[in-house]
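Residue numbers (this note's numbering): 43 to 412.
The beta-carbon is built from N, C-alpha and C at its ideal position, and this holds for glycine as well.
Inspection log for the structure reproduced underneath, given as structure tokens.
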Ligand code: NCD
Ligand code: ZN
């Protein structure tokens, strides 16, 4: 048995699923993602959603201008599919390098998805075009049928929609986002170079008891909702397996505290501040730290056909105390004041101690690191 390492240097990672929001929330949360991740797939579920090339360009500009000085970060934009999105718009945005992918939200499946797709047949021309272009389809894989138990909605989506969709569009590149079940792991595992899944840190840490531990805990409510322990175990196994179809996507989804802690609390967990450290804790518990770099920094770019990053992130095994709430941009900047208390998003792992912390980040290639 070899001694566990106390220091780990990884190629700089990317986040293949993040919600950066807009306005003051964007200002507050963007630095956390941009500090660690070199690129991120930015979700388009703004209000109104990002459905045009112009809207994506304008959003990308707002992200770039909210970046802290010296940040090395590339936002990769996505289009929000609606029933009537013109395939020509997608093609134009994809060919211009504005849209990296398109996101399919079944209508009303999650936060800001009311304008999503009501029926997959309606968007057949869009899916045919994406297949022809090699443009990835990113899927929120849950049915919205109120007769289906919320804990079964992902598994039913795979059977009812994903399997037929992949049969019909066999050349379409698909990412099943933020998977939460053993059924999703089984379906994606080893199936095709055209099929992958992202896995969040919170679905690796939590089972559904977390939402009810000592009371009703909106901090642990997200969609797809966290599932039974058997599913969490299947996700941990998949993430640490070294299988290239499973890669990092945080689904960091900040909401103002007042939105989470209300009679009808919003779905979404904000984990961007210490996402990499959170994954490292899981990989260490699995004795799989040697698989972390591939999961975080290699499998995603390979699937998307993008170059690997050249910088590095160094983690050390020194306990990290996580604050309860994000009160301002991180690292704090001189010109941004703290968010008002009821607007500050609750942090995943807030108040806990994580075993690994980031001690160095370099956006250029480093040589000679032990
Ligand atoms: C996301 C959000 O808040 O935008 N919420 C969530 O629970 N994950 C939307 C989503 O990804 O489903
Ligand atoms: Zn999401």
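Here DSSP, grouped into helix, strand and coil, assigns residue 197 to helix. Residue range 95-108 is occupied by the alpha helix (DSSP H) that includes residue 107. Taken in chain order, the complete alpha helix (DSSP H) segments of 4 residues or longer contained in the segment 43-88 are 65-78.
Ranked by Cα distance from residue 322, the first of 358, 341, 293, 298 is 358. Distances from the CA of residue 59 to each of 235, 365, 243, 196 were compared; the closest alpha carbon is that of 243. By the neighbour-count criterion, in which 16 or more other beta carbons inside 10 Å mark a residue as buried, residue 187 falls on the exposed side.
Rounded to whole angstroms, the Cβ separation of residue 209 and residue 196 is 19 Å, and the two are not in contact under 8 Å.
Set against 8 Å, the gap from the CB of residue 67 to the closest heavy atom of the ligand ZN is not smaller.
Distance from the Cα of residue 97 is smallest, within the candidate group 132, 75, 76, for 132. At the C-beta level, residue 110 and residue 81 stay beyond 9 Å of one another. Nearest Cα to residue 237 within the set 177, 276, 57: 177. In this model, residue 392 and residue 164 are separated by some 43 Å (Cα to Cα).
Look at residue 120: its beta carbon is at least 8 Å from all of the heavy atoms in the ligand ZN. Between residue 57 and residue 314, the CB-CB gap stays under 9 Å.
The segment 139-152 makes contact with the segment 101-121; the number of CB pairs closer than 8 Å reaches 3 or more. The nearest non-hydrogen atom of the ligand NCD is less than 8 Å from the C-beta of residue 85.
Residue environment: residue 332 is assigned as exposed (fewer than 16 neighbouring CB atoms within 10 Å of its CB, all protein chains considered). In the DSSP annotation of this structure, the continuous segment of the alpha helix (DSSP H) that includes residue 172 starts and ends at 166-175. The alpha-carbon of residue 397 is positioned some 46 Å away from that of residue 174.
Set against 8 Å, the gap from the CB of residue 396 to the closest heavy atom of the ligand NCD is not smaller. In the DSSP assignment, residue 117 falls within the beta strand (DSSP E) that extends over 116-122.
Annotation: the continuous beta strand (DSSP E) that includes residue 238 extends over 237-241. In the structure shown, residue 261 adopts helical secondary structure according to DSSP, grouped into three states. Note on geometry: alpha-carbon atoms of residue 105 and residue 63 lie some 9 Å from one another. Here residue 233 carries a coil assignment [DSSP, helix/strand/coil]. Here DSSP, grouped into helix, strand and coil, assigns residue 359 to coil. Here the segment 84-100 lies against the segment 148-155, with 3 or more beta-carbon pairs under 8 Å apart.
Contact between residue 340 and residue 350 holds, since their C-beta atoms are separated by about 6 Å, short of 8 Å. Take residue 274, set aside five residues on each side of it, and the residues of its chain with a beta-carbon closer than 6 Å to its own are 249, in chain order. According to the DSSP assignment, residue 404 belongs to no alpha helix (DSSP H) but to the beta strand (DSSP E) extending over 399-404.
C-alpha of residue 388 to C-alpha of residue 72: approximately 15 Å in a straight line. With fewer than 16 other beta carbons inside 10 angstroms of its own, residue 206 counts as exposed. Note on residue 382: under 16 other CB atoms within 10 angstroms of its CB, so exposed under the neighbour-count rule.
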